[in-house]
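Each residue of the sequence shown is one higher than the one before, starting from 1 at the first, in this note's numbering. Beta carbons: idealized from backbone N, C-alpha and C, even for Gly. For reference, the structure discussed in these notes is given below.
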Amino acid sequence: MLAYKSAVFAFVAFTLGALPVEAQDAKPVEVTPYVALGSAAASPVGAVVTFPVTSTLSVETEVAYRRGEGGIHALSTSTSLLYFLPRVGRSTAYVAGGVGLSQYGAPVFSSNGPPIGSERRVALMVNAGGGLKMPINEKLDLRTDARWFKSFGRQGSEQFRVAQGVSFDIGK
């Protein structure tokens, strides 16, 4: 097990070491709270933290909330890769894809058939989509994001969401 952890650490260290250094074009970490519209099981509110890796590639982590099946408070979390396309005017388009975990309410049935409640469960989820970032000023960006989500398992589902948020830089 120790050899496995050492191999993973070495792989990550060499991968990050091989990335081009761009000190003049360093991007700060961004935080984006958002509200969204989408299909019935899509999360309407959440927050995203984006970590730049290169000038065109970023890693984002997301936490979202929705009122789930059976009245549960369902959280979801995901990690995605963002690839930024060449800038057009002041705006920058991007494509995204990632994986995560999502809570949902699985129905609990009575002995004679009708559901009597729900049980909290967790499913693996993938996402794909893209969006557009438009600068407001040096520290703020308006971000529109459209994503498709697919969760797996016995109660798997598909959702579509369009989110609107304001990104602000933290750190530098």
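Segment contact: the region 105-114 against the region 126-145, fewer than three CB-CB distances shorter than 8 Å; contact not assigned. By the beta-carbon neighbour count (other beta carbons within 10 angstroms, threshold 16), F149 is buried. The DSSP-derived three-state label of E138 is coil. In the structure shown, the three-state DSSP call for G46 is strand. Approximately 5 Å separates the beta-carbon atoms of V49 and V31; this is inside 8 Å, confirming the contact.
Counting every other CB atom within 10 Å of its CB across the protein chains shown gives P114 a total below 16, marking it as exposed. G156 counts as exposed, since fewer than 16 other C-beta atoms from the protein chains shown sit within 10 angstroms of its C-beta. Beta-carbon to beta-carbon, Y94 and L82 are separated by about 5 Å, close enough to satisfy the 8 Å threshold. Annotated three-state conformation of G131 is strand, per DSSP. Less than 8 Å divides the Cβ of A47 from the Cβ of V63. Burial state of G89 is exposed, judged by a 10 Å Cβ sphere holding fewer than 16 other Cβ atoms. Taking the CA atoms as reference points, H73 sits about 19 Å from P33. The straight-line gap separating the alpha-carbon atoms of S111 and M125 is approximately 31 Å. For the pair S167 and R147, the CB atoms are not nearer than the 8 Å cut-off. The beta-carbon distance between V99 and T79, rounded to whole angstroms, is 7 Å. This is short enough to meet the 8 Å contact definition. Non-local beta-carbon contacts of F152 in its own chain, meaning distances under 7 Å to residues more than five positions away in sequence, involve A123, L124 in chain order.
K150 is bridged by DSSP to V126, E158.
Inclusion of S39 and Q159 in the CB contact set at 8 Å is warranted, their separation being smaller than that value.
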